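Numbering (the working numbering), first residue to last: 112 to 505.
Idealized CB from N, CA, C, for every residue including glycine.
Every value quoted in this text rests on a predicted model; they were computed, and no experiment measured them.
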């Protein structure tokens, strides 16, 4: 303020302040621009909707499993932050059919800050999406993906400080992300992973897992050739600092879930554990395709599905062995989807008439939706001719 005095100030400038302010207010828009508030900027960064990405590199683990490193098309942008254990839904245009498929993120949450995701894809025989990915994705391929989704994550208010992970085959991917997050200090828990495979050649990312274990005492991996049994789980619980109150996270195929449930029942029986705690401490990763319904339910082989989309109607014949979502996709009808297992509700649609079968473990509808005949096509099997209304894909 040196060299400045009150005598040097022009009083007329003070008289101009109010008129100038009124001019600027008059020139401003009547609409308040909320897009640039800090809260909205943060919301957009965490929930961007669609993210435009490109394949940066491809890692081949074996002939039927590959990992794809994805970066943002815009070099200045960063992919949305995620919690270890979440997935992204990938949009695919396969032979003119619009598909969405969920894949676990196998990189760490910190890697999103470095500008990339890594997803791991297993080739499914006859799988339209995975065959398209294996045949068409290479370095430089453009890919649209959703924001991170899913609840197969560590939650301190719900879960114990120690987790026993049970993984089969490619089900290791969310645990890879969790192991990295623990070693990097972004998750405050410890992990013992029981990783089952049919043979040693099927073990995925073993070098990475071993490297994490050698550097971080909070992560341990037990490689199991063959089935993971109740003895393996019981031993892991015995060694856990949380004892019987240890959280158990399970990720693998649908057949594996059914088997592991029997093994967990045996563990609870032999350890005289409180079965009322199962809901609190046992977590299953249910995202991914449901391939068959309960064979005990009687229904015709084929049915007619009539679909109302906006202002048009489409009808087609569908197999009762396919979910309604798969039938929609097979007939070229664009349909919203995320988890493909009834959990996220992204495909929520109105059932106007007809009957459907929904596996109990996949029925994630709210009570009001159940009462008002809303279904999740990704986990609903037709049991009669049906008429329905599906949301429009934007």
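Residue 358 sits in a strand when the DSSP states are folded into three classes.
Cα atoms of residue 495 and residue 359: separation of roughly 39 Å, rounded to the nearest angstrom. Approximately 5 Å separates the beta-carbon atoms of residue 475 and residue 454; this is inside 8 Å, confirming the contact. A direct Cα-to-Cα measurement between residue 373 and residue 380 gives close to 11 Å. If only complete runs of 3 or more residues are kept, the segment 127-181 shows the beta strand (DSSP E) at 161-173, in order along the chain. Residue 271 is positioned such that its CB atom lies no closer than 8 Å to that of residue 148. Between residue 233 and the set 163, 370, 172, the nearest pair of CA atoms involves 172.
Nearest Cα to residue 469 within the set 231, 229, 280, 487: 487. The C-alpha of residue 371 is placed about 28 Å away from the C-alpha of residue 240. Taken in chain order, the complete alpha helix (DSSP H) segments of 4 residues or longer contained in the segment 262-319 are 284-295.
Taking all protein chains shown into account, residue 119 has fewer than 16 neighbouring C-beta atoms within 10 Å of its C-beta and is therefore exposed. DSSP places residue 345 in the helix class (H, G or I) of the three-state scheme.
Burial of residue 303 is indicated by the presence of at least 16 other C-beta atoms within 10 angstroms of its C-beta.
Beta-bridge analysis with DSSP links residue 125 to no other residue. In the structure shown, residue 192 adopts coil according to DSSP, grouped into three states. In the pairwise beta carbon analysis, the segment 443-452 is classified as touching the segment 206-215: at least three pairs are separated by under 8 Å. Ranked by how close their Cα comes to the Cα of residue 464, the residues 242, 484, 134 have 484 in first place. CA-to-CA, the gap between residue 150 and residue 191 works out to about 15 Å. Shown here, residue 350 sits in a helix according to DSSP, grouped into three states. Separation of residue 291 and residue 353 (C-alpha to C-alpha, rounded to the nearest whole angstrom) is 21 Å.
In terms of Cβ geometry, residue 229 and residue 244 do not form a close pair [threshold 8 Å].
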